[in-house]
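What follows is a short report on a single structure.
Numbering (our numbering), first residue to last: 11 to 221.
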């Protein structure tokens, strides 16, 4: 049966040096500790440094995956981000900021050259820079979904041309908890068909129809 936690501590005002000892103390006192993150803990969650510290204390961890903002946003928009014949790659990235820098090899302009479905996190404060870099490779009319607080009760999602991404963000006074989804898949493309369910395509579970 579900039990309410005996200890519930928000960590927004805590540092790593505060959080890890508290978890270690409770584990050593026989308690089960859940370190709860919103979204997908494998993306920009700062979980790596916490796991390192716990490993140094010989405390094992189990990771339980969550749902990423880009996945929730695509579902709300009713789109597939890998449309056959149009785009088959998804890039998850961010802009360098105060918390951590992006390696030079992962500069946004370089990644934009692939013209993949690109999910840009943590960029609302630097949206002008982001737009300039994206426009080096994507056409100005490329659709961008501006996704604010995705999957929360007050979420807002709207689609604008890339050339208006910065202005729309400023008009909405966005400075955080915003993800930008840049993709030709948002264009409402004409019917596209994969080989998976094509009658001439054979695979492990179905033979193809010879022509």
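Think of the CB as a built atom: it goes at the ideal place given N, C-alpha and C, for glycine as much as any other residue.
Closest residue to residue i among the options (Cα-Cα distance)
i	options	result
residue 86	192, 188 and 167	167
residue 47	138, 34 and 20	20
residue 187	138, 165, 169 and 100	165
residue 52	30, 65, 80 and 67	80
residue 105	84, 159, 54 and 98	54
residue 18	30, 43 and 28	43
residue 141	192, 108 and 65	192
residue 198	82, 89 and 28	89
residue 67	32, 163 and 124	32
residue 124	35, 23 and 143	143
residue 108	134, 29, 59 and 30	134
Whole-angstrom distance between residue j and residue i, CA atom to CA atom
i	j	result
residue 136	residue 57	24 Å
residue 49	residue 184	19 Å
residue 111	residue 118	12 Å
residue 16	residue 174	48 Å
residue 61	residue 45	11 Å
residue 69	residue 37	8 Å
residue 161	residue 40	34 Å
residue 182	residue 170	13 Å
residue 132	residue 113	15 Å
residue 98	residue 126	7 Å
residue 280	residue 63	Residue 280 lies beyond the residue range present for the chain, which begins at 11 and ends at 221; the question has no answer from this structure.
residue 158	residue 59	27 Å
residue 25	residue 100	33 Å
residue 139	residue 176	9 Å
residue 93	residue 29	43 Å
residue 71	residue 22	21 Å
residue 27	residue 163	32 Å
Sub-8 Å separation of residue i and residue j beta-carbons
i	j	result
residue 179	residue 156	yes
residue 194	residue 96	yes
residue 147	residue 122	yes
residue 190	residue 102	no
residue 84	residue 91	yes
residue 145	residue 172	yes
Boundaries of the beta strand (DSSP E) in which residue i is found, first to last residue
i	result
residue 127	127–131
residue 166	166–171
residue 101	100–104
residue 155	153–158
residue 80	Unbroken run through residue 80 is the alpha helix (DSSP H), 79–87; no beta strand (DSSP E).
Span of the alpha helix (DSSP H) around residue i
i	result
residue 44	Looking at the DSSP string, residue 44 is not in any alpha helix (DSSP H), and its letter there is neither H nor E.
residue 188	No alpha helix (DSSP H) contains residue 188, which is instead part of the beta strand (DSSP E) from 188–192.
residue 143	137–144
residue 197	Careful: residue 197 lies outside any alpha helix (DSSP H) and carries neither H nor E.
residue 176	175–181
residue 58	57–66
**Report entry** Segment contact, 8 Å Cβ cut-off, at least three pairs: the region 145–160 with the region 56–76
**Finding:** They do not touch, by the three-pair rule.
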